[in-house]
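For the numbering used here, count along the sequence shown from 1 and bump the result up by 449.
Note that CB positions come from ideal geometry on N, CA and C, so glycine has one too.
Data first, discussion second: the structure below is written as structure tokens.
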Amino acid sequence: MKFLSPIIILLIIIFDLITKNKIADNLNDGVYVINNYLIFNKTLNKGIAFSFLESESIYINYMITVLVSIIIFVLINYLYKNFASFKKMEILALSMIIGGGLSNLLDRIYDNSVIDFIIIHYKDIFFPAIFNLADFFISLGILLLFLNYYIVRTK
450 MKFLSPIIIL
460 LIIIFDLITK
470 NKIADNLNDG
480 VYVINNYLIF
490 NKTLNKGIAF
500 SFLESESIYI
510 NYMITVLVSI
520 IIFVLINYLY
530 KNFASFKKME
540 ILALSMIIGG
550 GLSNLLDRIY
560 DNSVIDFIII
570 HYKDIFFPAI
580 FNLADFFISL
590 GILLLFLNYY
600 IVRTK
């Protein structure tokens, strides 16, 4: 599993960056309806998850980049220092969070923003945020950590 973690992280980064590049190249200002539940609409997010702290201020954006970099560094350090004591689900979850975080960080460093494009809805009920695959993996990783802590560990 120790070699699988960097592979998971790398695959998430590659998969996320490829999808963002495809969206950037093919979906300029339009909206593309995939089906009754999924819409693609390219937006540039200068904030963090779900556009929180979005700002046009270059100083705020630099602060976000530094903060995200520190968080990712701490998570990588935490994962590899405590690797032997983690269960497989914890390793998978942390790898997802790190992979998604690194991918969004690369976007932020390259373009001072992150491309978000996924809208989920059912009829007139919309998920309250536009997101990307990196955000999905970060959220899934957090959910897995939560489930592991509250369900697996409490047994």
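> Rounded C-beta distance between alanine 473 and isoleucine 569? I'm assuming under 8 Å.
Replying inline: That pair is no contact at about 20 Å.
> Applying the criterion that 16 or more other CB atoms from any shown protein chain within 10 Å of the CB defines a buried residue, is serine 454 buried or exposed?
Replying inline: By the neighbour-count rule (16 or more Cβ atoms within 10 Å), serine 454 is buried.
> Quick one: is lysine 471 buried, meaning 16 or more other Cβ sit within 10 Å of its Cβ, or exposed?
Replying inline: exposed
> Could you give the distance in angstroms between the alpha-carbon of serine 544 and the alpha-carbon of isoleucine 519?
Replying inline: 16 Å
>> Is it buried or exposed, leucine 554, if we count other Cβ atoms within 10 angstroms and call 16 or more buried?
In response: buried
> Going straight from the alpha carbon of isoleucine 546 to that of methionine 512, what length do you get?
Replying inline: 20 Å
> On the three-state DSSP scale, how would you describe tyrosine 486?
Replying inline: coil
> asparagine 475 by DSSP, collapsed to three states: which one?
Replying inline: Asparagine 475 falls in the helix class under three-state DSSP.
> From this set, Ile579, Asn510, Phe586 and Tyr529, which residue's C-alpha is nearest isoleucine 488's C-alpha?
Replying inline: Ile579
> According to DSSP, which residues form a beta bridge with asparagine 494?
Replying inline: Val563
> What are the start and end residues of each continuous beta strand (DSSP E) run of 3 or more residues lying completely inside the segment 521-582, in chain order?
Replying inline: 563-571
> Where isoleucine 509 and valine 517 are concerned, what is the direct C-alpha to C-alpha distance, given to the nearest angstrom?
Replying inline: 12 Å
>> Considering only DSSP beta bridges, list what tyrosine 481 is partnered with.
In response: Phe489
> Taking three-plus beta-carbon pairs below 8 Å as touching, is the segment 531-541 in contact with the segment 588-600?
Replying inline: yes
>> If distances are taken between C-alpha atoms only, which option among Val482, Ile467, Ile591 and Leu460 comes closest to tyrosine 571?
In response: Val482
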